[in-house]
Amino acid sequence: MPDIINDYNKNGYKVLKKIIPNTRIDALLENICKLYCKYSKDSELESLECPWKSKLFHKKLIEFREKEPLLFGAIYDSLKTSITLTQIVSNDAIVDNVAKFLNVKPSEISISEPMCRLDVPNDKRNALEWHQERSFFPQNRDGSHSLVCWIPLTNVTEEMGAIHISPESHKGGLIIPERNEKKNGSSTRQISVPEEHIKKYEDLTVPVDVGDVVFLNMLLFHRSGVNISDKIRFAVQARFHTATADDFIPFELVNYYNPDIKQRLIEKNYDCSDIPDNIRQPPIAEKS
270 MPDIINDYNK NGYKVLKKII PNTRIDALLE NICKLYCKYS KDSELESLEC PWKSKLFHKK
330 LIEFREKEPL LFGAIYDSLK TSITLTQIVS NDAIVDNVAK FLNVKPSEIS ISEPMCRLDV
390 PNDKRNALEW HQERSFFPQN RDGSHSLVCW IPLTNVTEEM GAIHISPESH KGGLIIPERN
450 EKKNGSSTRQ ISVPEEHIKK YEDLTVPVDV GDVVFLNMLL FHRSGVNISD KIRFAVQARF
510 HTATADDFIP FELVNYYNPD IKQRLIEKNY DCSDIPDNIR QPPIAEKS
């Protein structure tokens, strides 16, 4: 274990192979499949054994996102509070290793923003440029007191959009980020590392297999790969913070209720008067 920790501290990341049980991963993929069947009213997949392992599953989800983006978004939002997602990010194999990399006990760790990403082929709208996770998640002012886990639910090759990292880039500390603007002037959720810093480091692609976990220092430069395959890239992300560190600020996740589904329920005569109208507000820190 000392060698693994030394590698993590030196390079700013570490890949641990096959530490998540397939049963946990299958449970989350099954949840995605059931949510698709719910919102699409398509029962064809239900007749298959383990339909989430079929090409048809990917094909139908890709088509559903194109035809019904709001309902596809409801799948994404539903997954955020799925018990199957919680079972993965709270798995002992993850929590124990997070504690070792942060040099604390598991009892000292907080978690924020666990999510399951569903990245369809050739979609660059949700792909992040080179960034540091600390720019988005300020719970620990010193990014080295936090880390992010990236957990593939299938084998992820370079063609499927494996993540890119810059080894040792975390040693430069927090870079004052730049907020990018879309052509229409609306703000994106990109908080990018300036080019003059990026070019100092290697661009390394990290293919991974199902069951693997990538642990990343919050200050490490990394970016999304582009999925040019014919399948969806399913992956879980979760951020872990040292709650007992002097630089930790307690936080609360704001409840968000999907407005499209709320409206659909109202149209079906459900009383939704107790559900507030709100917008998605991800944590973003533009300055340290």
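Numbered by our numbering, the letters in the sequence shown go through residues 270 to 557 in order.
All C-beta atoms in this analysis are idealised placements derived from N, C-alpha and C, irrespective of residue type, glycine included.
1. Going by alpha carbons, who is nearest to Ile443 out of Ile378, Phe406 and Trp419?
2. Nearest by alpha-carbon distance to Asp392: which of Gln506, Ile530 and Arg502 is it?
3. By alpha-carbon positions, which one of Pro290, Asp543, Asp529 and Val417 ends up nearest to Asn360?
4. Could you check if Glu318 is buried or exposed, using at least 16 other CB atoms within 10 Å of its CB as the buried criterion?
5. Helix or strand or just coil, what does DSSP make of Gln506?
6. For Asp546, tell me which candidate among Leu314, Gln532 and Pro390 has the shortest Cα-Cα distance.
7. Please report the Cβ distance between Asn496 and Gly430, rounded to the nearest whole angstrom; I am assuming they are in contact, meaning their Cβ atoms lie under 8 Å.
8. What are the complete beta strand (DSSP E) segments, minimum 3 residues, inside the stretch 282-313?
9. In terms of residue numbering, what span does the alpha helix (DSSP H) encompassing Leu422 cover?
10. To the nearest angstrom, report how far apart Ile380 and Lys349 are at their CA atoms.
11. Quickly, what does DSSP pair Met487 with across the bridge? List them, please.
12. Exposed or buried, what is Asp478 when buried is set at 16 or more other beta-carbons lying within 10 Å of its beta-carbon?
13. Taking the CB atoms as reference points, tell me whether Leu330 and Tyr308 lie closer together than 8 Å.
14. Quick one: using the 10 Å Cβ neighbour count with 16 as the cut-off for buried, is Ser438 buried or exposed?
15. Pick helix, strand or coil for Ile357, following the three-state DSSP scheme.
16. What are the boundary residues of the alpha helix (DSSP H) that His327 is part of?
For this structure:
1. The question names Ile, but residue 443 in the sequence shown is Leu. Out of Ile378, Phe406 and Trp419, Phe406 has the C-alpha closest to the C-alpha of Leu443.
2. Residue Arg502 is the option with its Cα nearest to Asp392.
3. For Asn360, the nearest C-alpha among the options comes from Pro290.
4. Classification for Glu318: exposed.
5. Three-state result, Gln506: strand.
6. With distances taken between Cα atoms, Asp546 lies closest to Gln532.
7. Right, the Cβ-Cβ distance comes to about 4 Å (below 8 Å), so this counts as a contact.
8. Listed in chain order, they are 282-285.
9. Following the DSSP letters along the chain, one finds Leu422 in no alpha helix (DSSP H), marked with neither H nor E.
10. Linking Ile380 to Lys349 through their CA atoms gives a straight-line distance of about 13 Å.
11. For Met487, which the question treats as bridged, DSSP gives no partner whatsoever.
12. With fewer than 16 neighbouring CB atoms inside 10 Å of its own CB, Asp478 falls in the exposed class.
13. Contact flag unset, no.
14. So Ser438 counts as buried.
15. In the structure shown, Ile357 sits in a helix (DSSP, three-state: H, G or I).
16. Start and end: Lys324 to Lys336.
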